[in-house]
Amino acid sequence: MEPDNLLIKETIQGNKAAFGTLVEQYQDYVFSVTMKVLKNREEAEEAAQDSFVKAYRALASFEQRSKFGTWLYQIAWRTAIDRYRARPKNRQSLDDDQSFLQVADREDTPDQQLQQQNMRSLIEQALGQMKAQDAALLTLYYLNEQSVKEIADITGLTESNVKVKLFRLRETLKNILTKNLKGEVKSLL
Amino acid sequence: MNTQELMWNYAEGKCSPAEMAALEKLLSDDPTQQMELDQILRLQAELLSLQPDAPSMRFTRNVLDALPDIYPSEATDPLINPVWKKVFWLALAAMIAAVVLWPRSSHSSGSRLSSAVDQAVGSLHQLTGLVPDTVMQYFVLTLLSAGLLMLMDKIFLRKRGTSLLMI
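From first to last, the protein sequence lines stand for chains A and B. Residue numbers for the first sequence follow the working numbering, so the first one is 1023 and each next one is one higher. Residue numbers for the second sequence follow the working numbering, so the first one is 11 and each next one is one higher.
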């Protein structure tokens, strides 16, 4: 039996500390998903907490057909998307294709640009400029190391759709990086 | 499959031998494509080394505090019935009382302490003489075993925070 499944069994038997171990193990990854969608630390933490409580309530019905992580990310994804959709209409829409480029047009001072000459922080910045759902999709793939099939299970998209989206999103990410530094990224890359 | 897709597949190590050959041909035909491939390889490496965001230090505690009590512990019934626990203590008390209060059959000279010890031993002899030896042996063994188990349980409870016998 996998360690996760043992912890799940113990949790269902009434050992809350076992669930605490699961929380510690997955909290960063769940928080990363909610953070990418909601782009607000406080709200993302609430959504992540909400996700764990939902998972706890539904733990007895977890059939172990998928990995616990995939099942948990699915809950986190839905929780974050629901919270995002519940925001007032004047905020960014999930379906607004142009929205991710709005921030990219801002002008940073040369000093700010120099401070950000770190590829990792540039990528984080670029992810922050992408559509909420898209940044979360890339996070699931690269950070949470979910396969295309698992991402399809989490998001409800088809596998081929996930593949196409991932390809386009990486290209978009590359373009945002290029645009942000107006060509300087080429020398960094 | 277009060139970009081919390069991303290569960066992920998912190219078939035919695709590898196609990419090699592409690079030899157009050397400017090498820069594009280098960019993709670098971006892929950076994406793979991304670190997750961390929530606040109290996150786990907050989650645990918010959990409802929907999974009651299965081992709620004690393994040793509390009635038997009372019986044990009563038996122990009765034995001590019997030893102390049993009519004295002998008088010994000497100090008060040795006299008291002699009296206790004498009382015990008289008391044990009333029951068959085998029964007494079982009684003493049972009493000692129960006492030992309870002592171990107390130690376990103190060290692990949970009762071994649920007593």
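Each residue gets a CB set at the ideal place from its N, CA and C atoms; glycine is no exception. It should be emphasised that the depicted structure is a prediction, and the values quoted were computed from it without experimental measurement.
Of the listed residues the options, nearest to residue i (C-alpha basis)
| i | options | result |
| --- | --- | --- |
| A:Ala1098 | A:Lys1038, A:Thr1056, A:Met1152 | A:Thr1056 |
| A:Leu1165 | B:Leu37, B:Leu53, B:Val109, B:Leu58 | B:Leu58 |
| B:Gln136 | B:Ala108, B:Val73, B:Ala126 | B:Ala108 |
| A:Gln1071 | A:Tyr1051, A:Ile1145, A:Ala1158 | A:Tyr1051 |
| B:Leu60 | A:Glu1046, A:Glu1146, A:Ile1176, A:Val1186 | A:Glu1146 |
| A:Ile1103 | A:Lys1061, A:Gly1091, A:Ala1077 | A:Lys1061 |
| B:Thr138 | B:Gly157, B:Met105, B:Gln43, B:Arg68 | B:Met105 |
| B:Arg71 | A:Glu1064, A:Thr1033, A:Gly1042, A:Arg1100 | A:Gly1042 |
| A:Ala1148 | A:Arg1109, A:Asp1026, A:Pro1025, A:Lys1058 | A:Lys1058 |
| B:Trp99 | B:Ala130, B:Gly132, B:Met160, B:Leu140 | B:Met160 |
| A:Ala1157 | A:Asn1140, A:Ile1198, A:Met1141 | A:Ile1198 |
Any C-beta of chain A under 8 Å from that of residue i
| i | result |
| --- | --- |
| B:Ala64 | yes |
| B:Glu29 | no |
| B:Leu178 | Outside the displayed span of chain B (11 to 177) sits residue 178 of chain B, for which this structure offers no information. |
| B:Trp18 | yes |
| B:Asn72 | yes |
| B:Gln49 | yes |
| B:Phe166 | no |
| B:Glu15 | yes |
| B:Leu53 | yes |
| B:Leu36 | no |
| B:Ile80 | yes |
| B:Ala76 | yes |
Per-residue burial, residue i [other beta carbons within 10 Å of its own, 16 or more giving buried]
| i | result |
| --- | --- |
| B:Lys35 | exposed |
| B:Pro65 | buried |
| A:Lys1031 | exposed |
| A:Leu1029 | buried |
| A:Ser1054 | buried |
| B:Ile80 | exposed |
| A:Tyr1078 | buried |
| A:Thr1033 | buried |
| B:Val127 | exposed |
| A:Gly1091 | buried |
| B:Leu102 | exposed |
| A:Ala1108 | exposed |
Neighbour flag for residue i against chain B, beta carbons, 8 Å
| i | result |
| --- | --- |
| A:Val1059 | no |
| A:Val1184 | no |
| A:Leu1165 | yes |
| A:Thr1101 | no |
| A:Ser1143 | no |
| A:Tyr1095 | no |
| A:Gly1036 | yes |
| A:Gly1042 | yes |
| A:Ala1070 | yes |
| A:Ser1054 | yes |
Separation of residue j from residue i, as counted between CA atoms
| i | j | result |
| --- | --- | --- |
| B:Lys24 | A:Glu1172 | 18 Å |
| A:Ser1088 | B:Asp75 | 28 Å |
| B:Glu22 | A:Gln1049 | 27 Å |
| B:Asp143 | B:Lys164 | 32 Å |
| A:Gln1168 | A:Leu1162 | 6 Å |
| B:Asn12 | A:Ala1040 | 48 Å |
| A:Lys1201 | A:Leu1144 | 11 Å |
| A:Asn1037 | A:Leu1044 | 12 Å |
| B:Glu15 | A:Gln1035 | 49 Å |
| B:Gln43 | A:Gln1096 | 38 Å |
| B:Glu56 | A:Val1186 | 21 Å |
| B:Pro92 | A:Lys1076 | 38 Å |
| A:Glu1065 | A:Gln1047 | 21 Å |
| B:Pro82 | A:Phe1074 | 18 Å |
| B:Lys95 | A:Asn1027 | 37 Å |
| B:Asp63 | A:Leu1094 | 17 Å |
| B:Met30 | A:Ile1176 | 32 Å |
| A:Thr1131 | A:Arg1100 | Here A:Thr1131 scores only 49 on pLDDT, less than 50, and its place in the model should not be relied on; the value that follows carries that caveat. Each residue's alpha carbon lies about 38 Å from the other. |
| B:Phe166 | B:Leu158 | 12 Å |
| B:Leu140 | B:Ser155 | 23 Å |
| B:Gln147 | B:Pro78 | 51 Å |
| B:Phe69 | A:Arg1063 | 12 Å |
| B:Arg52 | A:Ala1174 | 26 Å |
| A:Arg1142 | B:Gln54 | 11 Å |
(message) For the pair the segment 1073 to 1089 of chain A and the segment 1178 to 1189 of chain A, tell me if three or more CB-CB distances fall below 8 Å.
(response) no
(request) Decide yes or no for the touch test of the segment 1187 to 1206 of chain A against the segment 1147 to 1155 of chain A: beta carbon pairs closer than 8 Å, at least 3 of them. (result) yes
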